[in-house]
Amino acid sequence: MKILSFFKQGLKTTNKRWKMVIYLWLINFIFSILMITPFYFLLRQEFSHSLMGDRVYHGFDLLWFGDLAFKYKSFYTPLLGWLLVPGLFYLLFFVFLNGGILGRIAASEEELSFKNFLADCSQYFFRFFRVFLLSIVGYLLVLVLLFRVISAFFSLWTKNAPSEWPLIYASNFKFLIAILLFSIVRMFFDYVRVRLVVEGSKKTIRATILNFSFLGRRFFRAWALYLLVGVVVVILGLVYLGLWRFFPQAGVFLIGFFIIQQLYLLSRMWTRLLFFSTEYHFFKTD
C-alpha cells in the first residue's frame, strides 16, 4: 500500500478520535496551571503596589525582568527544583498518556470515553515505561556515540577551511542529521509500542528485537510516512510562529494571542494522534 494511503487512514482515525485531542489538551492545560501558579502569586506580589505592572501590561519589560531576577536570585536553586521535578513527572505522565492514545486507536470500533481512555493508560503504563527506559539507551547510542562519529567526520572537512562558510555549512548539516537521527529513534520505539498494543504482549525486549526485523524490510517506507506527518508538524509550527511574530502581544491583544496559543497546542495534540494512527495502520496492514 502506498504511503499516502496509510496517511489518509491515519488522518481518518485521528479525526474519528477527536475527543482524545480534547482530553490531552485539558490534561496539559491543568498541568500548566499547576506549574505557573507560584509564578502568578510572585507577579501579583510584585505588581500589587507598583506602577511597573502597567508597563508590563503593554509588553515585555527587560528592565523589570532584570530587577526581578536580581531580587529573587537566592530562589534559583528551589526554582530549578520546582521546574525539574514536575518536568520528570510530566515525562512519566507522557508515557502514561501514550497507553491511552494507542489503546483507543486500536479499539477504534468501541465508543470513546474518558473512562476507557484512562483504563488503557493504566493497562499499558508499565510496558510503555520499559520502552521509555530502552529508548533512553537508544537515544544515547545514536545521538551521542553515532553523532560523535559524524561530528568527527565534519571536523576533518572544516579543519583547514579557508573561510567560515564550510563551518556554517557543517553546523547546519550536523543539525539536520541530528534531527533525522532523532526521528529514526523515536519512530523505532513508536513501533515497539504499537506492536505491544496490537499483539497484547507484555514482552518489551522481544517486541524490540522483532521490531528490527519489521522495520528492516520496510524502513524507508515507514520513515517516509513518519517524515510526512513531521512535515505537517513543521507547517503548523511555522503558521504559529508567523502569528506569534505579527500578532500584538500587549494589552487586550494578549487574550487573542492566548487563544492562538491554545489552538496551536490543540494542533500539537492532534498531530501526536496522527503519528500513532499512521504507524498503527502501517503496522497492521503492511
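Quick note: the sequence shown uses the numbering used here, first residue 965, plus one each step. C-beta atoms are modelled at their ideal positions from N, C-alpha and C, and glycine is treated no differently.
Alpha carbon of residue i to alpha carbon of residue j, nearest angstrom
| i | j | result |
| --- | --- | --- |
| threonine 1190 | isoleucine 1132 | With the sequence shown as reference, residue 1190 is identified as tyrosine, and threonine is not the correct amino acid for it. Taking the straight line joining both Cα atoms gives about 28 Å. |
| phenylalanine 1239 | threonine 977 | 11 Å |
| phenylalanine 1053 | asparagine 992 | 12 Å |
| serine 1147 | glutamate 1074 | 31 Å |
| leucine 1227 | isoleucine 994 | 16 Å |
| serine 1119 | tyrosine 987 | 47 Å |
| phenylalanine 1222 | leucine 1048 | 25 Å |
| glycine 1180 | proline 1050 | 37 Å |
| phenylalanine 1184 | lysine 1166 | 28 Å |
| alanine 1083 | glutamine 1225 | 30 Å |
| isoleucine 997 | leucine 1218 | 17 Å |
| tryptophan 1129 | phenylalanine 1139 | 15 Å |
| leucine 1174 | tyrosine 1155 | 10 Å |
| glycine 1164 | arginine 1112 | 38 Å |
| leucine 1207 | threonine 1001 | 26 Å |
| arginine 1209 | valine 1203 | 10 Å |
Whether residue i touches residue j by CB criterion (8 Å)
| i | j | result |
| --- | --- | --- |
| phenylalanine 971 | threonine 1235 | no |
| serine 1072 | lysine 980 | yes |
| threonine 1168 | arginine 1094 | yes |
| leucine 1145 | leucine 1110 | yes |
| glycine 1194 | phenylalanine 1153 | no |
| arginine 1157 | phenylalanine 1092 | yes |
| tryptophan 982 | leucine 1229 | no |
| glycine 1220 | phenylalanine 1211 | yes |
| valine 1106 | valine 1162 | no |
| leucine 1237 | isoleucine 967 | no |
| leucine 1098 | threonine 1172 | yes |
| phenylalanine 1137 | methionine 984 | no |
| histidine 1245 | glycine 1063 | no |
| aspartate 1250 | arginine 1182 | yes |
| valine 1059 | phenylalanine 1117 | no |
Status (buried if at least 16 other CB within 10 Å, exposed otherwise) for residue i
| i | result |
| --- | --- |
| isoleucine 1199 | exposed |
| isoleucine 1069 | buried |
| serine 1135 | exposed |
| phenylalanine 1247 | buried |
| arginine 1159 | buried |
| leucine 1205 | exposed |
| phenylalanine 1178 | buried |
| alanine 1188 | exposed |
| valine 1108 | exposed |
| alanine 1186 | buried |
Integer Cβ distance of residue i from residue j, believed to fall under 8 Å
| i | j | result |
| --- | --- | --- |
| cysteine 1085 | leucine 1061 | 6 Å |
| isoleucine 1141 | isoleucine 1114 | 6 Å |
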